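K.L.:
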Amino acid sequence: MTLDYSGYLRLDALLSLQRPKSPAAESDAVRSAEHLFIVVHQASELWLAQLLLDLDHAAQALRRGDPDASAERLTRAAALLGVLRAQLDVLDHLPPSCFARFRPFLGTASGAQSRQFAELERVLGLGPAAGPLATALAEALAAAGVTLPEACRSTGPLRRVVDGLSAVALGYRDWQAGHLAVVRRMLADLPGTGGTSGARYLATRVRLPFPDLHAARREAGETIPAG
Ligand code: HEM
40 MTLDYSGYLR LDALLSLQRP KSPAAESDAV RSAEHLFIVV HQASELWLAQ LLLDLDHAAQ
100 ALRRGDPDAS AERLTRAAAL LGVLRAQLDV LDHLPPSCFA RFRPFLGTAS GAQSRQFAEL
160 ERVLGLGPAA GPLATALAEA LAAAGVTLPE ACRSTGPLRR VVDGLSAVAL GYRDWQAGHL
220 AVVRRMLADL PGTGGTSGAR YLATRVRLPF PDLHAARREA GETIPAG
């Protein structure tokens, strides 16, 4: 059988995965709002999968001495974070009153349980260890015999890597800030389904990865947008 569009993309499987939990008797407004909520989360997980792939390849390229390929992947990763951030904007069109109607059906499900997001934080060095990107950069700098501030002032390929890492970090922080704004609008000061205090907790999560790299960029005269 010849491969067609829907076969290649496995659309039958993909488009059968959106199953609102609110009862069929619920209004169209609530059912379609829940559909939107599911689509945004599922699409975000797809973009996260691509993002993790690109960040992994960026670290690998840096380790094998190919900073140009690494910088290219990092630039794309930053663009992907922009897509993730932009997706949150459609939630401006999810009325909080509709969200409140289907929220009880979420149970204890929460984005805080996203394994891919936890992996992203590990890769960005937001966990207990430095993470593969910062480690690969430190090794590449040592191999080239340059310090981080020197790389920030240079015009070579390692400078493009530093710029790429910075763009990824800023993209991550923008997503966190955008998500916090959505949560404030939807929940005000209500707790999250995952058991946290909600917006109050999430405000502590708006962090800029690679603080040393940003300090070095500032020293080199770059302007880092405030969070
Ligand atoms: C109506 C929209 C949304 C609301 C009301 C909301 C609410 C929340 C709340 C309250 C938390 C804190 C954990 C908890 O207690 O549940 C949280 C965490 C999280 N949410 Fe959302 N969220 C929304 C949309 C999204 C979307 C579209 C994504 C995309 C994947 C997402 C991903 C996450 C992630 C990754 C966390 C963990 C963040 C961290 O701990 O740093 N959320 N969300």
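Each residue of the sequence shown is one higher than the one before, starting from 40 at the first, in our numbering.
Glycine is no exception: its CB is placed at the ideal position from the N, C-alpha and C atoms.
All values derive from a computational prediction rather than experimental measurement.
Going by the beta-carbon positions, is the gap between residue 203 and residue 94 smaller than 8 Å?
P.N.:
no
K.L.:
Taking only heavy atoms of the ligand HEM into account, decide whether any of them is closer than 7 Å to the Cβ of residue 120.
P.N.:
no
K.L.:
Do you know offhand how far residue 72's Cα is from residue 125's?
P.N.:
18 Å
K.L.:
In chain order, which beta strand (DSSP E) runs of at least 3 residues are fully inside the stretch 139–227?
P.N.:
none
K.L.:
Got a sec: does the ligand HEM put a non-hydrogen atom nearer than 7 Å to the Cβ of residue 218?
P.N.:
yes
K.L.:
Quick test of the definition: if touching needs 3 or more C-beta pairs under 8 Å, does the stretch 232–240 touch the stretch 140–148?
P.N.:
Short answer: they touch.
K.L.:
Taking only heavy atoms of the ligand HEM into account, decide whether any of them is closer than 7 Å to the Cβ of residue 193.
P.N.:
Answer for residue 193: no, Cβ out of range of the ligand HEM.
K.L.:
For residue 162 and residue 247, which I take to be in contact (beta-carbon distance under 8 Å), what is that distance rounded to the nearest angstrom?
P.N.:
Contact doesn't hold; Cβ gap of about 15 Å is too wide.
K.L.:
Run the CB neighbour count on residue 253, radius 10 Å, all protein chains shown included, and call it buried at 16 or more, exposed below.
P.N.:
buried
K.L.:
Is it true that the CB of residue 57 sits closer than 8 Å to the CB of residue 79?
P.N.:
At the C-beta level, residue 79 and residue 57 stay beyond 8 Å of one another.
K.L.:
How many angstroms separate the CA atom of residue 61 from the CA atom of residue 141?
P.N.:
6 Å
K.L.:
Under three-state DSSP, which class holds residue 263?
P.N.:
It is coil, neither helix nor strand.
K.L.:
Confirm the yes/no value for this check: CB of residue 253, any heavy atom of the ligand HEM, distance under 7 Å.
P.N.:
No.
K.L.:
Judging by CA-CA distance, which residue of 183, 139, 206 and 207 is the nearest neighbour of residue 196?
P.N.:
183
K.L.:
Quick one: residues in its chain with C-beta nearer than 8 Å to the C-beta of residue 237, no 5 flanking neighbours on either side, listed in chain order?
P.N.:
222, 226, 228, 229, 230 and 231
K.L.:
Going straight from the alpha carbon of residue 119 to that of residue 88, what length do you get?
P.N.:
Going from the Cα of residue 119 to the Cα of residue 88 covers about 10 Å.
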